[in-house]
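Encoded as structure tokens, the structure appears first; notes follow it.
Residue numbers (the working numbering), protein chains in the order written: chain L, 1 to 310; chain Z, 311 to 620.
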């Protein structure tokens with residue numbers, strides 16, 4: 001590998017986080033650029049490239065992209081948060097970075113790689129990571145390598161159907177996992193609930209519900225919140241056990257704000273998953289743990305992409 | 311590889327099919343032994359080993375086993391059809407076959423390997439095979455290698471939940487794919503139906519319903535059979551698209567008796583799956599095709615196991 005810094009870039013709709021990652025997987029330098037949907041693609045890439053080059057000699061740079069990438073060409077299909085559609089970021093970067101090795105992957109995949117290499121799945125050979133946010137992102141690491149499936153685009157676990165007569169999903173299907181187990185779905189249940197405890201929390205927060213309120217109300221033993229949480233965990237356990245039935249990971253890492261709920265989420269979730277997997281006493285049941293790197297996972301994972309591509 | 315014959319063994323509850331497989335993947339010699347649940351494990355293995363050795367010099371022998379195998383040791387967990395529980399077939403075979411290389415895999419995985427190497431998925435790099443029978447077996451081939459997941463036990467797609475308030479499954483969960491899309495479930499729907507057409511077919515068959523009757527009655531435009539078939543295909547399409555969302559295979563191969571239904575199954579199934587996958591116009595939709603090797607797939611796949619283990 002050429003001498004120089006190993007850089008990871010986490011591209012988001014609000015900001016671009018750039019970090020220099022050391023040999024022992026620490027972020028040793030950081031820059032954050034503002035970003036917004038109105039910035040044209042070419043202008044944004046120029047700014048990012050200049051910020052990267054300003055950090056010194058670059059050995060390699062990895063990007064976590066909030067979009068599916070076309071297999072092979074790695075053209076961005078549609079980064080909705082950035083307003084980028086069918087953009088060839090590798091080609092555009094080349095104008096500024098020449099022959100510097102550039103690695104691209106989906107941002108959720110980068111976060112999973114970060115957790116694998118330096119976070120909650122360190123020293124684990126196979127792990128599934130689910131990020132519970134607006135939707136549900138997911139990645140699977142197989143024998144230390146990022147698994148992107150036969151078509152090379154990675155997982156879409158949020159759109160696995162778990163209740164075929166259930167709630168309509170924004171994708172057009174019915175009963176997708178993310179309509180039941182995303183952070184958004186938990187927030188919507190809080191909003192829909194007629195629990196006085198939840199209603200007070202929402203009104204005290206300027207009418208804005210969030211997922212954390214359900215955990216807080218349940219900790220106060222509010223019956224409605226208990227029920228919402230129970231159903232949320234049951235659905236999440238179904239999604240996880242469906243994925244265990246095909247991937248058999250050694251560990252499951254949960255990312256996204258919901259994972260901050262700690263034991264209140266993880267103890268009943270682990271119990272529910274154990275009940276749903278096949279022959280847990282013989283083949284084991286993966287342990288389910290929260291992600292630990294937070295926003296750093298994406299930067300670290302992006303910088304490490306060269307090590308984990310299958 | 312040592313000189314000698316490459317042998318595949320397909321172990322079933324009624325019979326053991328043994329075949330010599332040529333370099334060009336043809337079965338050039340066959341022996342079938344009767345089998346039943348009352349034959350003790352050690353006695354059965356002795357008979358099989360003797361039959362294999364009687365075929366001449368053996369280079370390698372692969373076994374398709376109707377059970378999950380414990381990763382690493384490959385001890386049979388529970389071959390229900392054979393009445394074998396916690397049996398170490400490799401150790402037992404060694405008594406008769408000495409150092410001859412022995413490969414073991416689940417029988418459904420062997421069939422998938424056979425279809426990949428010489429059947430419906432020939433020249434395809436990644437394929438998902440589903441076998442619709444009493445339950446639903448499944449295997450995924452990734453870049454020409456058999457994918458057994460992080461825990462090494464392979465897929466259990468039949469127990470992915472697709473309808474969490476649906477029918478109870480024999481496994482104890484609710485709404486597993488195989489309660490809706492196995493051949494058994496189709497047969498049960500035929501039995502349950504009050505369609506006079508289906509009822510006549512059943513009574514003409516000594517009161518025994520089967521899955522084919524639904525296709526036959528639907529071909530006669532029986533409204534009840536049409537509805538059963540429509541629902542069956544919808545559920546199967548949900549299961550397949552859930553699996554496409556995680557594996558992204560290039561092709562999906564359907565095995566088991568139901569796959570003999572031809573266009574009546576495959577045309578509406580392909581259409582339904584196309585509607586359910588993400589961005590088919592951009593990332594493509596796998597073609598869904600019937601298995602073509604029938605019972606030979608298991609023998610051919612077992613003989614080829616040395617080539618496809620990941």
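Just so you know, even glycine gets a beta-carbon here, dropped at the ideal spot from N, CA and C.
In this structure, DSSP gives residue 239 (chain L) a helical state, which the three-state scheme calls helix. Residue 96 (chain L) and residue 53 (chain L) do touch by the CB rule: their CB atoms are close to 7 Å apart, below 8 Å. Chain-order list of chain Z residues neighbouring residue 117 (chain L): empty, with the shortest C-beta distance near 17 Å, by a criterion of under 8 Å. If the five residues before and after residue 232 (chain L) are omitted, its C-beta is found closer than 8 Å to the C-beta atoms of 180, 181, 185, 186, 189, 214, all from its own chain and listed in chain order. Under the 10 Å beta carbon count, residue 270 (chain L) is surrounded by 16 or more other beta carbons and is classified as buried. Taking 4 residues as the minimum length, the region 149 to 177 of chain L contains no alpha helix (DSSP H) run wholly inside it. Annotated as proximal: residue 177 (chain L) and residue 136 (chain L), with beta-carbon spacing under 8 Å. Below the 9 Å Cβ cutoff, chain L contributes 149, 150, 151 as neighbours of residue 436 (chain Z), in chain order.
Approximately 4 Å separates the beta-carbon atoms of residue 4 (chain L) and residue 59 (chain L); this is inside 8 Å, confirming the contact. Among the CB atoms of chain Z, one or more fall inside 8 Å of the CB of residue 243 (chain L). Contact between residue 587 (chain Z) and residue 162 (chain L) fails: their C-beta atoms lie close to 17 Å from each other, not under 8 Å. The beta carbon of residue 556 (chain Z) sits closer than 8 Å to some beta carbon of chain L. Secondary structure of residue 85 (chain L) (DSSP, three-state): strand.
Here the region 455 to 468 of chain Z makes contact with the region 381 to 391 of chain Z; the two share three or more CB pairs at distances below 8 Å.
Ranked by Cα distance from residue 252 (chain L), the first of L:94, L:129, L:36 is L:129. Counting only residues of its own chain and dropping the five nearest sequence neighbours on each side, residue 468 (chain Z) has a CB closer than 8 Å to the CB of 445, 446, 447, 448, 486, 487, 488, 492. Counting only residues of its own chain and dropping the five nearest sequence neighbours on each side, residue 310 (chain L) has a CB closer than 8 Å to the CB of 142, 145, 146, 147, 148. C-alpha of residue 322 (chain Z) to C-alpha of residue 552 (chain Z): approximately 30 Å in a straight line.
Residue burial is scored here from C-beta neighbours: residue 21 (chain L) has at least 16 other C-beta atoms within 10 angstroms and is therefore classed as buried. In the DSSP annotation of this structure, the continuous segment of the beta strand (DSSP E) that includes residue 325 (chain Z) starts and ends at 325 to 331. Its Cα nearest to that of residue 291 (chain L), the residue L:122 stands out among L:122, L:46, L:10. Between residue 423 (chain Z) and residue 558 (chain Z), the CB-CB gap reaches or exceeds 8 Å. In the displayed model, residue 99 (chain L) falls within coil according to three-state DSSP, outside both helix and strand.
At a cut-off of 8 Å between beta-carbon atoms, residue 564 (chain Z) makes no contact with chain L. Residue state for residue 502 (chain Z) is assigned as helix, using DSSP reduced to three classes.
When the alpha-carbon of residue 293 (chain L) is set against those of L:108, L:79, L:38, L:223, the nearest one is in L:108. Cβ neighbours of residue 411 (chain Z) within its own chain (closer than 6 Å, five residues either side excluded): 370. Identification of chain Z residues near residue 249 (chain L) by a Cβ-Cβ cut-off of 9 Å yields 459, 460, 461, ordered along the chain.
Contact annotation for residue 157 (chain L) against chain Z: 555, 556 [CB-CB distance below 7 Å, chain order].
Legend: CB atoms of the region 283 to 309 of chain L lying less than 7 Å from CB atoms of chain Z belong to residues 283, 284. Looking at the backbone, the Cα of residue 126 (chain L) and that of residue 286 (chain L) are separated by about 10 Å. Boundaries of the beta strand (DSSP E) around residue 374 (chain Z): 368 to 375.
Cα atoms of residue 43 (chain L) and residue 15 (chain L): separation of roughly 14 Å, rounded to the nearest angstrom. Between the region 388 to 399 of chain Z and the region 338 to 358 of chain Z, the count of Cβ pairs shorter than 8 Å is three or higher; the stretches touch. Taking a beta-carbon distance threshold of 8 Å, residue 17 (chain L) does not count as an interface residue toward chain Z. Counting the other CB atoms within 10 Å of its CB gives residue 282 (chain L) a total below 16, which places it among the exposed residues.
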